[in-house]
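Encoded as structure tokens, the structure appears first; notes follow it.
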Amino acid sequence: MARRLAGSELLGDADVNELEIHLREEMEHLKTTGLSDEETFLVACHRLGDTATLEQEFAKVNPRRRFTNRLSWMAIGVLGYFLVLHLSLWATNTSTMLGYVLGLRTPYLAFLACAIQVTAFATIGALAWWYLGSRSVSRTTRRMPVALCVSLFAACAIVALWLGDNLLFRYLLIETMPIQDYSQFAMASGWASFGWGLLMPFLIAGLIALIALRDRHPSEVQ
Amino acid sequence: MSVAKDLVAASATPLILAILAGGDSYGYAIIKRVRELSGGQMTWTDGMLYPVLHRLEKQGLVESYRDAGETGRERKYYRLRKEGTRALAEHRSQWMLVHNALQQLWETKPCLT
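So the sequences go chain by chain: A and B.
Here my numbering runs 15 ahead of the position in the first sequence, where the first position is 1.
Here my numbering runs 4 ahead of the position in the second sequence, where the first position is 1.
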């Protein structure tokens, strides 16, 4: 129950802490009546009230909390999209350039670009899957302050990658590349973009399904 | 006999303010006091007390602070503010008005014909 409340976007840390102290005090009192640990816990939870109603009542007191929380997650979603986009493009461009320097030409350069894209998506997807599915990650980490920190980090990373991709890659490498080779490189990038467009909807749908599944079966523990 | 939900909800604010008028207190102690006062007839869903306390704090009627009680456990205590004392007086006069009106009606012998 405490974990369910801790994961709520409508309750702050102080609210959860206050309810937890209440629950513990009630359990201590009930233990003096001779009930077992399990019984005291069940009775104390019952007296505290069901979580959905509690969330509703707390939301009435802090109506702005829900709005700002959702807004921050929307920001994370948008920033996350651009972060993944830039990470993937950066990895593809750099690796394709490396392939070019090592003597690879179309169509192998295009195959390499696609392979890099697929690997990048698979890695990012697996990491996200692990993060969201990990039991060690407390649901409290899905709250506003952390969400804002992640947004800030994502924004900084996007700027850094954009600068790296545009300034370093385009200026230093493309400037030294003959025009006919550049067309080969552009073709490879085209294939990479195609791979991106093909895989992205599946990645997003998978993540949304994972989050929805976790929210449908909240862990009612301790 | 248990008290109707509407009446429990309506009396929550004056009860909390009146308990805090007797000294600073925290959530669990307030609920215990209400149980004692009503002889266990008036039961709140414990968790519902906190949104009420937070609303009163938002309205400036009470203020909160953290303190470790006798057990050494840190709790959030609530204290009545001047505005709260004024609000309590207002609640008291309103409830007394209702009480007196009902008292007069119920003290009158019923007409059975």
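Idealized CB from N, CA, C, for every residue including glycine.
Residue i: contacting residues in chain A (beta-carbon distance under 7 Å)
{"i": "HIS58 (chain B)", "result": "VAL76"}
{"i": "GLY122 (chain B)", "result": "There is simply no residue 122 (chain B) to check, as chain B begins at 5 and stops at 117 in what is shown."}
{"i": "LEU55 (chain B)", "result": "In the sequence under discussion, the amino acid at residue 55 (chain B) is Pro, which differs from the Leu named in the question. What PRO55 (chain B) touches in chain A: GLU72, PHE73, LYS75 and VAL76."}
{"i": "ARG79 (chain B)", "result": "ILE36"}
Beta-carbon proximity of residue i to residue j, cut-off 9 Å
{"i": "VAL7 (chain B)", "j": "GLN45 (chain B)", "result": "yes"}
{"i": "GLY221 (chain A)", "j": "ALA128 (chain A)", "result": "no"}
{"i": "LEU26 (chain A)", "j": "PHE73 (chain A)", "result": "yes"}
{"i": "LEU53 (chain B)", "j": "ALA14 (chain B)", "result": "no"}
{"i": "ARG83 (chain B)", "j": "VAL66 (chain B)", "result": "yes"}
{"i": "ALA135 (chain A)", "j": "LEU94 (chain A)", "result": "no"}
{"i": "LEU101 (chain B)", "j": "LEU21 (chain B)", "result": "no"}
{"i": "LEU218 (chain A)", "j": "ILE139 (chain A)", "result": "yes"}
{"i": "THR111 (chain A)", "j": "ALA203 (chain A)", "result": "yes"}
{"i": "GLU54 (chain A)", "j": "LEU45 (chain A)", "result": "yes"}
{"i": "LEU214 (chain A)", "j": "VAL116 (chain A)", "result": "no"}
Cβ shell of residue i (< 6 Å), same chain only, five flanking positions each side left out
{"i": "SER198 (chain A)", "result": "none"}
{"i": "ALA106 (chain A)", "result": "ILE131 and ALA135"}
{"i": "VAL58 (chain A)", "result": "LEU45"}
{"i": "ARG150 (chain A)", "result": "Caution is warranted here: a pLDDT of 48 is assigned to ARG150 (chain A), below 50, making its placement in the model unreliable, and the coordinate value is therefore given only provisionally. Same-chain partners within the cutoff: there are none."}
{"i": "HIS95 (chain B)", "result": "PRO18"}
{"i": "THR47 (chain A)", "result": "none"}
Those residues which DSSP pairs with residue i across a bridge
{"i": "ALA72 (chain B)", "result": "B:GLU78"}
{"i": "VAL66 (chain B)", "result": "B:LEU84"}
{"i": "TYR30 (chain B)", "result": "B:TYR81"}
Proximity to residue i [Cα-Cα], best of the options
{"i": "GLY88 (chain B)", "options": "B:GLY51, B:GLU61, B:ARG37 and B:MET52", "result": "B:GLU61"}
{"i": "TRP48 (chain B)", "options": "A:PHE56, A:LEU57, A:GLU54 and A:ASP65", "result": "A:ASP65"}
{"i": "LEU63 (chain A)", "options": "A:ILE36, A:LEU104 and A:THR138", "result": "A:ILE36"}
{"i": "PRO78 (chain A)", "options": "B:LEU65, B:HIS58 and B:ASN104", "result": "B:HIS58"}
{"i": "ILE34 (chain B)", "options": "B:VAL102, B:ILE23 and B:GLY43", "result": "B:ILE23"}
{"i": "LEU34 (chain A)", "options": "A:ARG120, A:GLY95, A:THR48 and A:LEU69", "result": "A:LEU69"}
{"i": "GLN98 (chain B)", "options": "B:GLU111, B:PRO18 and B:ASP10", "result": "B:PRO18"}
{"i": "ARG90 (chain B)", "options": "B:LEU11, B:VAL12, B:ASP10 and B:ALA25", "result": "B:ALA25"}
{"i": "HIS61 (chain A)", "options": "A:MET42, A:GLY205 and A:TRP144", "result": "A:MET42"}
{"i": "ALA143 (chain A)", "options": "A:ILE223, A:TRP105 and A:ALA203", "result": "A:ILE223"}
{"i": "ARG77 (chain B)", "options": "B:ASP10, B:VAL12 and B:TYR32", "result": "B:TYR32"}
{"i": "ARG39 (chain B)", "options": "B:LEU106, B:VAL12 and B:PRO55", "result": "B:VAL12"}
{"i": "ASP50 (chain B)", "options": "A:LYS75, A:GLU40, A:VAL76 and A:THR47", "result": "A:GLU40"}
{"i": "PRO216 (chain A)", "options": "A:TYR123, A:TYR96 and A:GLY114", "result": "A:TYR96"}
Own chain partners of residue i with C-beta closer than 8 Å, once the 5 adjacent residues on each side are dropped
{"i": "TYR81 (chain B)", "result": "ASP28, SER29, TYR30, SER68, TYR69, ARG70 and ASP71"}
{"i": "ARG37 (chain B)", "result": "ILE23 and SER29"}
{"i": "SER42 (chain B)", "result": "VAL7"}
{"i": "ARG2 (chain B)", "result": "Since the first residue of chain B shown is 5 and the last is 117, residue 2 (chain B) is not available in this structure."}
{"i": "PRO55 (chain B)", "result": "none"}
Chain A residues whose Cβ lies nearer than 8 Å to that of residue i
{"i": "THR49 (chain B)", "result": "ARG62, LEU63, GLY64 and THR68"}
{"i": "LYS9 (chain B)", "result": "Those do not exist, as LYS9 (chain B) stays about 12 Å from chain A at its closest Cβ, beyond 8 Å."}
{"i": "MET52 (chain B)", "result": "GLY64, THR68, LEU69 and GLU72"}
{"i": "LYS62 (chain B)", "result": "VAL76"}
Chain-order list of residues whose beta-carbon lies under 7 Å from that of residue i (same chain, five-residue window excluded)
{"i": "LEU119 (chain A)", "result": "LEU127"}
{"i": "GLN108 (chain B)", "result": "none"}
{"i": "ASN104 (chain B)", "result": "none"}
{"i": "TRP110 (chain B)", "result": "none"}
Chain B residues whose Cβ lies nearer than 8 Å to that of residue i
{"i": "LEU45 (chain A)", "result": "Correct list: empty, because the minimum Cβ distance to chain B is about 12 Å."}
{"i": "ASP30 (chain A)", "result": "TYR54 and HIS58"}
Listed by chain order, chain B residues near residue i by CB distance under 9 Å
{"i": "GLU41 (chain A)", "result": "TYR32, ILE35 and ASP50"}
{"i": "VAL52 (chain A)", "result": "Per the sequence shown, residue 52 (chain A) should be read as Asp rather than Val. Within 9 Å Cβ-Cβ: nothing; ASP52 (chain A) doesn't reach chain B, min ~19 Å."}
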